[in-house]
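A.B. asks: Below is a structure I'd like to ask you about.
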Amino acid sequence: MGPVTDWTSVISTDFAVPDDRPLPDLVDDLCAMLAAGDPGVRDDTAYPVLAMWTGRGVLDGHLEQLGDRMADRLRHDEIQARTFATMILGWVVLRDARTGGLPAACVPRWRDAFATWWAGEKDLRGYDDRLGWLHAAAHGADTVRAFARSPRLGAVELTGLLDLTVDRLCAAAGYLYAHGEDDRIAYALASVLTRAELTADDATAWLGRVGAAIEVGEPGPVPAWASNTLRTLGALYVFADRGVCWFEPETGSLGPPVRLPHAMPVKERLAEVLRLAWRGLG
């Protein structure tokens, strides 16, 4: 039997890479742990190690294989495997956004796999007493935010991310966001809207679909999807007003705010949609 890695020690030593095993073997172990039903193994151990090693460039020679592995896992039978695969996929995309080291076809290929999964995911629970954090909506939003920062995506692909997020928000679902999902989806939308490739029309057209969906609402209890969507748009208004800050792996902190090029028309269109439901909004 070969050496067994003490992952707690790895984390406590600022994610130092063990030198007693080949890196591919370590990655194999971490990928297996990332699908575990035990949140202590998956969320507290495998995820932070894979995320930090990816963000710091430790895995630069293995990024394509890791990204393909995570994209394929989006079809896994178990929900926790899917929702944590998308998080690591986002880290891979972010690393490529910094280095440009991946083949050009990788990011579009992964975007397509991600879109298929996120739009169709049925299990939107934020937290499960046995499995811990699942967070398909929030983790998917974090992945949208990663794709939003990729220079490999142009205006067409970026508007596609906006439309995908509308699909996710407006899908008929009975789960009412209770664990910050609306804030993270707003953060993702704002990140897409920082891109200079988008025209003012690109940056606001997607809100027409949202407004149309809300306008046809019927008397009675507000559906979960509508409540989720309205709270997301309210949070997005704040991001549009204040800008977006992103986590920087090199410093371990948030960078300076990045402004939305079309902040004013975005805010005006957001207000128009929110007035459909928010009585008294100026």
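Just so we're aligned, residue 499 is where the sequence shown starts under my numbering, counting upward by one.
Ideal Cβ positions, reconstructed from N, Cα and C, are used throughout, including at glycine.
Here the structure is a predicted model, which means the values were calculated and not measured.
Could you check whether the Cβ of D575 sits closer than 7 Å to any heavy atom belonging to the ligand HEM?
C.D. replies: Absence of the ligand HEM from the depicted structure is noted, as is the absence of any ligand whatsoever, leaving it without description.
A.B. asks: Give the DSSP-derived three-state secondary structure of Y685 in the structure shown.
C.D. replies: Within the sequence shown, residue 685 is the residue found at index 187, counting from 1. Y685 falls in the helix class under three-state DSSP.
A.B. asks: Bridge partners for S751 per DSSP, in chain order?
C.D. replies: Along the sequence shown, read from residue 1 onward, the residue named residue 751 stands at position 253. In DSSP, S751 forms a bridge with E746.
A.B. asks: Give me the Cα-Cα distance between A701 and C743, rounded to the nearest whole angstrom.
C.D. replies: Translated into the one-based positions of the sequence shown, residue 701 becomes position 203. Translated into the one-based positions of the sequence shown, residue 743 becomes position 245. Near 19 Å, if we compare the C-alpha coordinates of C743 and A701.
A.B. asks: Quick one: what does DSSP say W776 is sitting in, helix, strand or coil?
C.D. replies: The residue labelled residue 776 in the question sits at position 278 within the sequence shown. Looking at W776 - three-state DSSP - the assignment turns out to be coil, as it is neither helix nor strand.
A.B. asks: Is the distance from the Cβ of G624 to the Cβ of H637 below 8 Å?
C.D. replies: In the sequence shown, the residue the question calls residue 624 occupies position 126. In the sequence shown, the residue the question calls residue 637 occupies position 139. The answer is no: Cβ separation not under 8 Å.
A.B. asks: Apply the 10 Å Cβ neighbour rule to E679 and answer buried if 16 or more other Cβ atoms are within range, or exposed otherwise.
C.D. replies: Here residue 679 refers to the residue found at position 181 of the sequence shown. Classification for E679: buried.
A.B. asks: What does the Cβ neighbour count give for E619, buried or exposed, with the cut at 16 atoms within 10 Å?
C.D. replies: Start at 1 with the first residue of the sequence shown, and residue 619 comes out as number 121. It is buried - the Cβ of E619 has at least 16 other Cβ atoms within 10 Å.
A.B. asks: Can you give me the C-alpha to C-alpha distance between G750 and A722, rounded to a whole angstrom?
C.D. replies: Locating residue 750 in the sequence shown gives position 252, where the first residue counts as 1. Locating residue 722 in the sequence shown gives position 224, where the first residue counts as 1. G750 and A722: Cα-Cα distance of roughly 35 Å.
A.B. asks: Does the beta-carbon distance from Y735 to L768 come in below 8 Å?
C.D. replies: Along the sequence shown, one-based indexing puts residue 735 at 237. Along the sequence shown, one-based indexing puts residue 768 at 270. Taking 8 Å as the Cβ cut-off, Y735 and L768 qualify as a contacting pair.
A.B. asks: For T481, tell me which candidate among R643, G672, L651, G652 has the shortest Cα-Cα distance.
C.D. replies: The requested residue 481 does not occur in the structure, where the chain is confined to residues 499 to 780.
A.B. asks: With a 10 Å radius around its C-beta and 16 neighbouring C-beta atoms as the bar for buried, classify V771 as buried or exposed.
C.D. replies: The residue labelled residue 771 in the question sits at position 273 within the sequence shown. Buried, by the Cβ-count rule.
A.B. asks: Where R773 and L779 are concerned, what is the direct C-alpha to C-alpha distance, given to the nearest angstrom?
C.D. replies: Taking the first residue of the sequence shown as position 1, residue 773 is located at position 275. Taking the first residue of the sequence shown as position 1, residue 779 is located at position 281. Taking the straight line joining both Cα atoms gives about 6 Å.
A.B. asks: Closest to D570 by CA distance: which of A533, A602, L557 is it?
C.D. replies: Within the sequence shown, the letter at position 72 stands for residue 570. Measuring from the Cα of D570, the nearest candidate turns out to be A533.
A.B. asks: In terms of residues, what are the limits of the alpha helix (DSSP H) holding F612?
C.D. replies: Within the sequence shown, the letter at position 114 stands for residue 612. Note, F612: alpha helix (DSSP H), 604-618.
A.B. asks: Report the three-state DSSP secondary structure of Y545 (helix, strand or coil).
C.D. replies: Along the sequence shown, read from residue 1 onward, the residue named residue 545 stands at position 47. Residue state, collapsed to three classes: helix.
A.B. asks: Starting from the Cα of P747, find the closest Cα among T552, A514, I509 and give me that residue.
C.D. replies: Residue numbering aside, residue 747 sits at position 249 when the sequence shown is read from its first letter. Measuring from the Cα of P747, the nearest candidate turns out to be T552.
A.B. asks: Give me the Cα-Cα distance between V714 and F513, rounded to the nearest whole angstrom.
C.D. replies: Working through the sequence shown from its first residue, we reach residue 714 at position 216. Working through the sequence shown from its first residue, we reach residue 513 at position 15. Computed Cα separation, rounded: 51 Å.
A.B. asks: Compare the beta carbon distance of D518 and P501 with 8 Å and say whether it is the shorter of the two.
C.D. replies: By one-based count along the sequence shown, residue 518 stands at place 20. By one-based count along the sequence shown, residue 501 stands at place 3. Closer than 8 Å, so yes.
A.B. asks: Does the distance from the C-beta atom of A595 to that of S648 stay below 8 Å?
C.D. replies: On the sequence shown, residue 595 is found 97 positions in, with the first residue counted as 1. On the sequence shown, residue 648 is found 150 positions in, with the first residue counted as 1. In contact: A595 and S648 (Cβ atoms closer than 8 Å).
A.B. asks: Assuming contact is defined by CB atoms lying nearer than 8 Å, are I683 and T641 in contact in what I supplied?
C.D. replies: To locate residue 683, count along the sequence shown from 1; it is residue 185. To locate residue 641, count along the sequence shown from 1; it is residue 143. The answer is no: Cβ separation not under 8 Å.
A.B. asks: Tell me the residue span of the alpha helix (DSSP H) that contains T597.
C.D. replies: On the sequence shown, residue 597 is found 99 positions in, with the first residue counted as 1. T597 -> alpha helix (DSSP H) spans 577-597.
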